[in-house]
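J.: Numbering (my numbering), first residue to last: 9 to 526.
Here a beta-carbon is modelled for each residue, glycine too, at the ideal position from N, C-alpha and C.
Keep in mind that this is a model prediction, so the values were computed, not measured.
Have a look at this one.
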């Protein structure tokens with residue numbers, strides 16, 4: 009599949025795949041992995057970074073903006089309490105020449121809901137009842153609950169990528185090679201060659217008409233690395249122009265002293281956490297399982313992880329919602345302590361009749377969340393076992409397999425991370441604990457679902473913040489579906505002379521190739 013030319017843009021030079029200092033294009037490097045580039049079948053950072061370049065959305069975030077604005081749309085607004093209507097720009101097309109119409113938008117949302125892939129973004133569409141396309145330029149989103157304060161932001165998430173109804177099947181995820189061959193790209197770029205998790209080459213899409221404008225660089229290549237060591241060497245040696253996710257704290261310290269590159273930091277909002285499979289985790293009853301979760305939450309030393317593993321690059325996290333977002337609080341610190349509390353952990357287990365040591369099969373991923381993940385989870389194993397109450401069987405699996413297996417109940421307790429889709433506390437709650445949630449851990453609670461609806465539809469900002477705070481407290485106190493560990497900023501390293509990196513490291517956490525140039 010690699011090297012197959014799929015469409016041409018007049019006046020554009022060939023994309024580079026080797027030295028970063030030659031030619032007119034840009035070369036980016038990452039250790040992220042692609043799971044699927046069909047928007048209905050993926051909801052992970054590596055896949056989303058590709059999708060953000062090649063699919064247009066009804067609304068999107070301009071660089072540096074925290075409010076979504078029209079992209080494929082000309083304008084959007086509520087035309088009724090449960091009807092959000094958008095008028096599309098006229099004359100939109102996919103790179104293969106197919107028209108992009110309201111029917112394309114309806115098809116795209118319908119298939120995410122119909123396919124409901126466990127690794128897809130369907131959890132974001134919990135308040136969408138159905139989508140109508142009364143004419144070629146009008147889309148009406150019919151909602152289940154009125155006054156949704158977040159729906160415009162939902163349209164700018166991975167659930168809102170617009171695909172070609174003539175290329176994508178309505179009822180199943182399309183294989184990556186077929187996606188590329190179909191040339192149904194609607195974003196600022198199209199893919200000209202594709203070698204999954206090795207090399208993806210992009211070329212500017214002349215048919216794109218949207219908020220991101222004409223790409224500043226016509227050709228971009230993205231190289232995928234098995235280790236951060238080689239990623240660091242290539243950005244140092246000028247073989248690539250930008251390194252984005254994920255370099256180790258030690259690598260970043262070294263690169264900050266290198267006058268050939270610049271380390272750029274943005275607000276980010278990454279959350280690292282442990283997930284419990286409610287069915288297969290340790291414990292003979294729901295009460296015992298909850299006690300085990302609470303005991304783990306009381307035994308983790310987050311500050312030690314931050315200091316000793318990440319050298320302060322990540323900070324301790326005590327809620328689903330990282331600090332800095334409106335409504336963020338620290339209920340895990342309030343309930344379980346800001347540091348390890350062995351006595352409380354023992355009490356939770358004893359009161360529920362849980363015999364110790366508790367055997368925990370803990371799975372982590374070594375290639376998706378950065379090279380330091382191995383050190384992080386070795387430290388967590390040591391922290392839990394040092395209490396004398398846990399015996400931890402630590403195992404790792406590479407991302408593509410990991411993402412499939414964790415949704416099949418293969419892992420009783422496991423690592424995940426979260427990168428925000430939209431700059432609102434709701435994005436750390438709805439996708440993780442709402443209906444059809446991304447965790448796929450068998451956690452769902454009608455009371456939590458009702459609280460999510462309440463906060464999403466509350467127009468008064470002060471009242472909404474109070475609802476968000478109570479939701480976080482209830483999740484931490486009554487359920488503990490996850491144990492939050494750390495939160496961190498976005499970091500990219502660029503060669504001197506590369507422009508636009510700072511403008512795309514923003515609260516939307518969307519790395520836009522179109523703003524980069526040199």
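Would you identify the three-state DSSP class for residue 269, choosing helix, strand or coil?
T.: Position 261 of the chain shown, counted from the start, is the residue given in the question as residue 269. The answer is strand: DSSP assigns residue 269 an E or B state.
J.: Measure the C-alpha to C-alpha separation of residue 452 and residue 283 and round it to an integer number of angstroms.
T.: Here residue 452 refers to the residue found at position 444 of the chain shown. Here residue 283 refers to the residue found at position 275 of the chain shown. Going from the Cα of residue 452 to the Cα of residue 283 covers about 14 Å.
J.: Does DSSP classify residue 252 as helix, strand or coil?
T.: In the chain shown, the residue the question calls residue 252 occupies position 244. Here residue 252 sits in strand by DSSP.
J.: With DSSP run on the structure shown, which of helix, strand or coil describes residue 477?
T.: Numbered from its first residue, the chain shown carries residue 477 at position 469. Residue 477 falls in the helix class under three-state DSSP.
J.: Got a sec, what are the start and stop residues for the beta strand (DSSP E) residue 368 sits in?
T.: Counting from 1 along the chain shown, the entry for residue 368 is found at position 360. Element bounds for residue 368: 366-372.
J.: On a Cα-Cα basis, can you pick out the residue from 398, 198, 130 and 494 that is closest to residue 309?
T.: The residue given as residue 309 occupies position 301 in the chain shown. The shortest C-alpha separation from residue 309 is found at 494.
J.: Excluding the 5 residues preceding and the 5 following residue 1 in the sequence, name in chain order all residues of the same chain whose CB lies nearer than 6 Å to its CB.
T.: Within the shown structure, residues of the chain are numbered from 9 to 526, placing residue 1 beyond reach of any answer.
J.: Is the CB-CB distance between residue 366 and residue 397 below 9 Å?
T.: By one-based count along the chain shown, residue 366 stands at place 358. By one-based count along the chain shown, residue 397 stands at place 389. It is a contact, given that the beta carbons lie within the stated cut-off.
J.: Leaving out five residues on either side along the sequence, give the residues of the same chain with a beta carbon under 7 Å from the beta carbon of residue 166.
T.: As a working mapping, residue 166 is identified with position 158 in the chain shown. These residues qualify, in order along the chain: 47, 51, 56, 59, 129 and 429.
J.: Tell me which same chain residues have a C-beta within less than 7 Å of the C-beta of residue 160, skipping the five on either side of it?
T.: Position 152 of the chain shown holds residue 160. Hits under 7 Å: 67, 76 and 84.
J.: Can you tell me whether residue 362 is helix, strand or coil according to DSSP?
T.: Residue 362 sits at position 354 when you count from the first residue of the chain shown. Three-state DSSP puts residue 362 in coil, outside helix and strand.
J.: What does a CB cutoff of less than 7 Å around residue 82 pick up in its chain, not counting 5 residues either side in sequence?
T.: Along the chain shown, read from residue 1 onward, the residue named residue 82 stands at position 74. Counting only Cβ-Cβ distances below 7 Å, and skipping sequence neighbours, we find 95, 96 and 97.
J.: Drop a sphere of 10 angstroms on the beta-carbon of residue 205, count the other beta-carbons inside from all chains shown, and report buried for 16 or more, exposed for fewer.
T.: The count along the chain shown starts at 1 and reaches residue 205 at position 197. Classification of residue 205: buried, given that the 10 Å Cβ count is 16 or more.
J.: Kindly confirm or deny that the segment 495-503 and the segment 252-262 touch, where touching means at least three C-beta pairs closer than 8 Å.
T.: Touching, yes.
J.: Can you tell me where the alpha helix (DSSP H) with residue 244 in it begins and where it stops?
T.: As a working note, residue 244 is residue 236 in the chain shown. Start and end: 236-244.
J.: In the DSSP output, which residue or residues are listed as bridge partners for residue 448?
T.: Taking the first residue of the chain shown as position 1, residue 448 is located at position 440. None, per the DSSP bridge assignment.
J.: Tell me, please, whether the CB atom of residue 193 is closer than 9 Å to any CB atom in chain D?
T.: This model lacks chain D altogether; it includes just one protein chain.
J.: What residue range does the beta strand (DSSP E) around residue 202 cover?
T.: Looking up residue 202 in the chain shown gives position 194. Its beta strand (DSSP E) spans residues 197-203.
J.: Assuming residue 108 contacts residue 102 (C-beta within less than 8 Å), just tell me the rounded distance between them.
T.: Reading the chain shown from its first residue, position 100 is the one you call residue 108. Reading the chain shown from its first residue, position 94 is the one you call residue 102. Residue 108 to residue 102, Cβ: 6 Å. Contact.
J.: Should residue 213 and residue 198 be called a contact, given that it needs their Cβ atoms to be closer than 9 Å?
T.: By 1-based counting over the chain shown, the position of residue 213 is 205. By 1-based counting over the chain shown, the position of residue 198 is 190. Closer than 9 Å, so yes.
J.: Could you please give the first and the last residue of the uninterrupted beta strand (DSSP E) stretch that includes residue 86?
T.: As a first step, residue 86 must be located in the chain shown, where it is residue number 78. Start and end: 81-88.
J.: Whole angstroms is fine: what's the gap from residue 192's alpha carbon to residue 171's?
T.: On the chain shown, residue 192 is found 184 positions in, with the first residue counted as 1. On the chain shown, residue 171 is found 163 positions in, with the first residue counted as 1. Cα to Cα, residue 192 sits roughly 7 Å from residue 171.
J.: Taking all protein chains shown into account, do 16 or more other C-beta atoms lie within 10 angstroms of the C-beta of residue 222, making it buried, or fewer, making it exposed?
T.: As a first step, residue 222 is located in the chain shown; it is residue number 214 there, counting from the start. Burial call: exposed.
J.: Of all the options 136, 119 and 488, which has the alpha carbon lying nearest to the alpha carbon of residue 90?
T.: Stepping through the chain shown from its first residue, residue 90 is reached at position 82. Looking at the Cα atoms, 136 is the closest of the given residues.
J.: For the segment 474-492 against the segment 317-332, do three or more pairs of beta-carbon atoms, one drawn from each stretch, fall closer than 8 Å, so that the two count as touching?
T.: Yes, the segment 474-492 touches the segment 317-332.
J.: Based on the DSSP output, what are the partners of residue 38 in its beta bridges?
T.: As a first step, residue 38 is located in the chain shown; it is residue number 30 there, counting from the start. In DSSP, residue 38 forms a bridge with 232.
J.: Thinking residue 164 and residue 69 are a contact (beta carbons under 8 Å), I'd like their distance in whole angstroms, please.
T.: To locate residue 164, count along the chain shown from 1; it is residue 156. To locate residue 69, count along the chain shown from 1; it is residue 61. Yes, residue 164 and residue 69 are in contact; Cβ-Cβ is about 6 Å, under 8 Å.
J.: Tell me whether residue 194 sits in a helix, a strand or coil according to DSSP, three-state version.
T.: Position 186 of the chain shown, counted from the first residue, corresponds to residue 194. Three-state result, residue 194: coil.
J.: For residue 492, report the span of its beta strand (DSSP E) as first-last.
T.: Taking the chain shown and counting its residues from 1, one reaches residue 492 at position 484. Looking at the DSSP string, the run of the beta strand (DSSP E) that includes residue 492 is 490-503.
J.: Identify which residue in 517, 516 and 526 has its Cα closest to the Cα of residue 505.
T.: Position 497 of the chain shown, counted from the start, is the residue given in the question as residue 505. Nearest C-alpha to residue 505: 526.
J.: Return the CA-CA distance between residue 216 and residue 319, expressed in angstroms with no decimal places.
T.: Within the chain shown, numbered from 1, the residue matching residue 216 stands at position 208. Within the chain shown, numbered from 1, the residue matching residue 319 stands at position 311. C-alpha separation (whole angstroms): 42 Å.
J.: Residues in its own chain within less than 8 Å of residue 323 by CB, not counting five upstream and five downstream?
T.: Counted from its first residue, the chain shown places residue 323 at position 315. Taken in chain order, the residues that qualify are 314, 331, 494, 495 and 496.
J.: Give me the DSSP bridge partner(s) of residue 278.
T.: Locating residue 278 in the chain shown gives position 270, counting from the first residue. Beta-bridge pairing links residue 278 to 496.
J.: Alpha carbon to alpha carbon, what distance is there between residue 355 and residue 44?
T.: For the purposes of this step, residue 44 is identified with residue 36 of the chain shown, where counting begins at 1. For the purposes of this step, residue 355 is identified with residue 347 of the chain shown, where counting begins at 1. Roughly 44 Å between the two C-alpha positions.
J.: Could you spell out the range, first to last residue, of the beta strand (DSSP E) harbouring residue 137?
T.: Walking along the chain shown from the start, residue 137 turns up at place 129. Its beta strand (DSSP E) spans residues 136-143.
J.: DSSP three-state label for residue 390, please.
T.: Along the chain shown, read from residue 1 onward, the residue named residue 390 stands at position 382. Here residue 390 sits in helix by DSSP.
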